[in-house]
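K.L.:
15 is the number of the first residue of the sequence shown in our numbering; add one for each residue after it. Don't be surprised by glycine CBs; every beta carbon is placed ideally from N, CA and C.
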Amino acid sequence: MEELLPYYERELSFLRRYSRDFAERYPKIAARLALSGEHCEDPHVERMIESFALLGARINKKLDDDYPEFTEALLEVLYPHYLRPFPSCSIAQFTPASPGQQTEPVVIDRGTELKSRPIRGVQCRFRTAYDVTLAPIRISEARYTPVALAPSATVLPSNATGVISITFESLAAQLDLGALKLPTLRAHLHGEQSFVAALTDCLFVNVLGAYVEPERNGRWTALRKLPIAHAGFDEDDALIDYPAKSHPAYRLLTEYFAFPDKFDFVDFDLAAIARASGRCQRATLHLVLQDVRSDSHVARLLELLTASHFRLFCTPIVNLFRQHGEPIRITHRAVSYPVIAEARRAFAYEVYSIDSVKLVRQQAHEESVIEFRPFYSLHHGESARIGHYWFARRNDWVAQKSPGYETEISIVDIDFEPTSPQTDTLSLDLTCTNRDLPAMLAFGLEGGDLFQEGGAQTSGISLLRRPTQSVRFERGRAAHWRLVSHLALNHVSLVAHGLAPLKEMLTLYDLRRTAVSMRQIDGLAGVEQRGAVQWLPGKPFATFVRGIEIRLTIDEEHFVGASLASFVRVLDSFFGLYVHLNSFVQLVVVSKRTGEEIIRCKPRTGESILA
Numbered sequence: 015m016e017e018l019l020p021y022y023e024r025e026l027s028f029l030r031r032y033s034r035d036f037a038e039r040y041p042k043i044a045a046r047l048a049l050s051g052e053h054c055e056d057p058h059v060e061r062m063i064e065s066f067a068l069l070g071a072r073i074n075k076k077l078d079d080d081y082p083e084f085t086e087a088l089l090e091v092l093y094p095h096y097l098r099p100f101p102s103c104s105i106a107q108f109t110p111a112s113p114g115q116q117t118e119p120v121v122i123d124r125g126t127e128l129k130s131r132p133i134r135g136v137q138c139r140f141r142t143a144y145d146v147t148l149a150p151i152r153i154s155e156a157r158y159t160p161v162a163l164a165p166s167a168t169v170l171p172s173n174a175t176g177v178i179s180i181t182f183e184s185l186a187a188q189l190d191l192g193a194l195k196l197p198t199l200r201a202h203l204h205g206e207q208s209f210v211a212a213l214t215d216c217l218f219v220n221v222l223g224a225y226v227e228p229e230r231n232g233r234w235t236a237l238r239k240l241p242i243a244h245a246g247f248d249e250d251d252a253l254i255d256y257p258a259k260s261h262p263a264y265r266l267l268t269e270y271f272a273f274p275d276k277f278d279f280v281d282f283d284l285a286a287i288a289r290a291s292g293r294c295q296r297a298t299l300h301l302v303l304q305d306v307r308s309d310s311h312v313a314r315l316l317e318l319l320t321a322s323h324f325r326l327f328c329t330p331i332v333n334l335f336r337q338h339g340e341p342i343r344i345t346h347r348a349v350s351y352p353v354i355a356e357a358r359r360a361f362a363y364e365v366y367s368i369d370s371v372k373l374v375r376q377q378a379h380e381e382s383v384i385e386f387r388p389f390y391s392l393h394h395g396e397s398a399r400i401g402h403y404w405f406a407r408r409n410d411w412v413a414q415k416s417p418g419y420e421t422e423i424s425i426v427d428i429d430f431e432p433t434s435p436q437t438d439t440l441s442l443d444l445t446c447t448n449r450d451l452p453a454m455l456a457f458g459l460e461g462g463d464l465f466q467e468g469g470a471q472t473s474g475i476s477l478l479r480r481p482t483q484s485v486r487f488e489r490g491r492a493a494h495w496r497l498v499s500h501l502a503l504n505h506v507s508l509v510a511h512g513l514a515p516l517k518e519m520l521t522l523y524d525l526r527r528t529a530v531s532m533r534q535i536d537g538l539a540g541v542e543q544r545g546a547v548q549w550l551p552g553k554p555f556a557t558f559v560r561g562i563e564i565r566l567t568i569d570e571e572h573f574v575g576a577s578l579a580s581f582v583r584v585l586d587s588f589f590g591l592y593v594h595l596n597s598f599v600q601l602v603v604v605s606k607r608t609g610e611e612i613i614r615c616k617p618r619t620g621e622s623i624l625a
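Following this line, the structure appears as structure tokens:
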């Protein structure tokens, strides 16, 4: 309603100003309406003028919004998440019940529901984004050495400047690391934001080589391949529901700007570490670094590194859950009906999506169930479902005044017969959020912050950070049209016209508008593309592949306190998902200050890396 007020005041001012001109030009007619100057002595005429001002204000606002009904219908079909809130998120850590007695890994599947302690009489419900594998293992020690030192039998590269050492230890006395049946161990990089950013960049940009030392015996075995990988970028790691018809590249951008902590995870190749160390209870992974001077700010931060900065058995969680909506009695006396998740505490729930709509029709001697399809969809050609559709809208004004009642549903029912006595009830399956209630949760409480039904394998579930507030894409002022217009872009059209289109697109996805994210976008100093050729081994024969190299120039000063590795990996995945058939894209990041390459990503086609 606050957005409508300026339009109303402008319309009212216009009517009063022209009422004065009208009274001066036609005094006899104005006298009948009791018009004198800009005011009217007749209260009924005054109310009529105000009413017309309100009607004109609504029309003008809709024109300025570029007819949102059309863009919302288009986005609902192709990219429905643009119309929905991005829910509250956090990081949860599971504590195994008895790790010393555990003999094999236990997997807590992605999508497992967790509940919080009651707040305002409501338990907030979350679901996990990653699979969590509980195993009898721990990271017993982690340290950073600012000087590249190794046993005399091990020769380190000449440009080595430091070492990060991480010790893995089996907690099962009868099982060595290789017998744990745990090929990959995922850890969350936990700590203050600038420290985590420095650690992330060192792990995924500055690592020169990897060595394994069993039982601290002083013998380092070199690994051919780095046993670490940046986690969180696969389709199976998605935070939010994303339909198959929507391009997954945009999901990564949305998640990165809305909840960057999701990408503060590292996968350790425990199988490779166990093979190199042999049969042992404890093995230390030494990661040799380059380009990290001992007197640098990054080195001073890494000196604080301990095992507590690598948290095992963690996963991002998102405040999304299934809910059966309140039944809706269809009286056919209203155009739309409010969709309510729970009538007793409607304020605590927001409809994220309507997943299923069924009409239960009770007649004199029978009961029938009719499934309704979305009105804006691709199912109109199905002859068996013609004439049964639903359409939902969100009323922002109602959301402010009566939270929980803002979503309204309308139906199209070709079988409705007004002369036939019948009772129609809508049954809805919903996906909901708890609005901003999760942001009010306390964390770090004794006994755990979250609870899992039937979770006998865990002794507690803790929140590692306060849940975020939910956010939305901008609405009004052609915001939806800007979203629609960029959906037809590919990486060629983004980079061929300079930096402005790329920055504009990233700004669209920067939902939180934090100082860190805005500095990252401003830190992009230039972009260009050039042709490239790569040798692709394969069967029955190898071949050359033509593709595009994208050179992105950045100002490192804008990434102080934020991870450059995570930002570049998101852009790399984004550009890779736009590759044409039989082609590839390679992202190269260049320093604005020195002109040297900082990161050269591997050639990528879709989600695959070229061999």
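DSSP three-state call for Y264: helix, strand or coil?
P.N.:
helix
K.L.:
Which whole-angstrom value is the C-beta distance of A245 and L237, which I expect to be below 8 Å?
P.N.:
Between L237 and A245 the Cβ distance is about 19 Å, and since that is not below 8 Å, they are no contact.
K.L.:
Where DSSP assigns a beta bridge to L373, which residues make up the other side?
P.N.:
I384 and L440
K.L.:
Count the other CB atoms within 10 Å of the CB of I43; is the residue buried (16 or more) or exposed (fewer)?
P.N.:
exposed
K.L.:
Give me whichever residues DSSP pairs with P699 in a beta bridge.
P.N.:
This structure cannot speak to residue 699, because the chain is shown only from 15 to 625.
K.L.:
So the candidates are F282, F247, V91 and W234; which of them puts its Cα closest to the Cα of L199?
P.N.:
F282
K.L.:
Could you spell out where the alpha helix (DSSP H) holding W495 opens and where it closes?
P.N.:
A493 to H500
K.L.:
For V349, count the other beta carbons within 10 Å of its own beta carbon; 16 or more makes it buried, fewer makes it exposed. Which is it?
P.N.:
exposed
K.L.:
Taking the alpha-carbon of T175 as reference, which of L77, L194, I254 and S310 has the nearest alpha-carbon?
P.N.:
S310
K.L.:
If you count every other CB in all the chains shown that lies within 10 Å of the CB of H53, and 16 or more means buried, which is it?
P.N.:
With fewer than 16 other beta carbons inside 10 angstroms of its own, H53 counts as exposed.
K.L.:
Answer with buried or exposed for L392, where buried requires no fewer than 16 other C-beta atoms within 10 angstroms of its C-beta.
P.N.:
A residue is called buried once 16 or more other Cβ atoms fall within 10 Å of its Cβ, and L392, having fewer, is exposed.
K.L.:
Give me whichever residues DSSP pairs with E155 in a beta bridge.
P.N.:
T181
K.L.:
Which one of T619, L69 and V426 has the shortest CA to CA distance from R387?
P.N.:
V426
K.L.:
Starting from E542, trace the beta strand (DSSP E) both ways and give me its first and last residue.
P.N.:
L538 to L550
K.L.:
Please list the segments of the alpha helix (DSSP H) lying wholly inside the region 67–108, counting only runs of 4 or more residues, in order along the chain.
P.N.:
82–92
K.L.:
Could you tell me if Y40 is buried or exposed, where buried requires 16 or more neighbouring beta carbons within 10 angstroms of its beta carbon?
P.N.:
exposed
K.L.:
With a threshold of 8 Å, are at least 3 pairs of Cβ atoms found where one atom belongs to the region 292–304 and the other to the region 137–152?
P.N.:
no
K.L.:
In whole angstroms, what is the alpha-carbon distance linking V547 and V599?
P.N.:
10 Å
K.L.:
Assuming Y93 contacts L520 (C-beta within less than 8 Å), just tell me the rounded distance between them.
P.N.:
With 8 Å as the limit, Y93 and L520 do not qualify as a contact, their Cβ atoms being about 17 Å apart.
K.L.:
Residues in its own chain within less than 8 Å of I612 by CB, not counting five upstream and five downstream?
P.N.:
V219, I568, E570, L578, V603, V604 and S605
K.L.:
Is I153 closer than 9 Å to I180 when the C-beta atoms are compared?
P.N.:
yes
K.L.:
Should the region 188–198 be regarded as contacting the region 260–270, the criterion being three or more beta carbon pairs within less than 8 Å?
P.N.:
no
K.L.:
How long is the line joining the alpha carbons of L478 and L334, rounded to whole angstroms?
P.N.:
19 Å
K.L.:
Please report how far the alpha carbon of A625 lies from the alpha carbon of V593, in whole angstroms.
P.N.:
At A625, the pLDDT of 45 sits below 50, so the modelled position is not reliable and the matter cannot be decided from this model.
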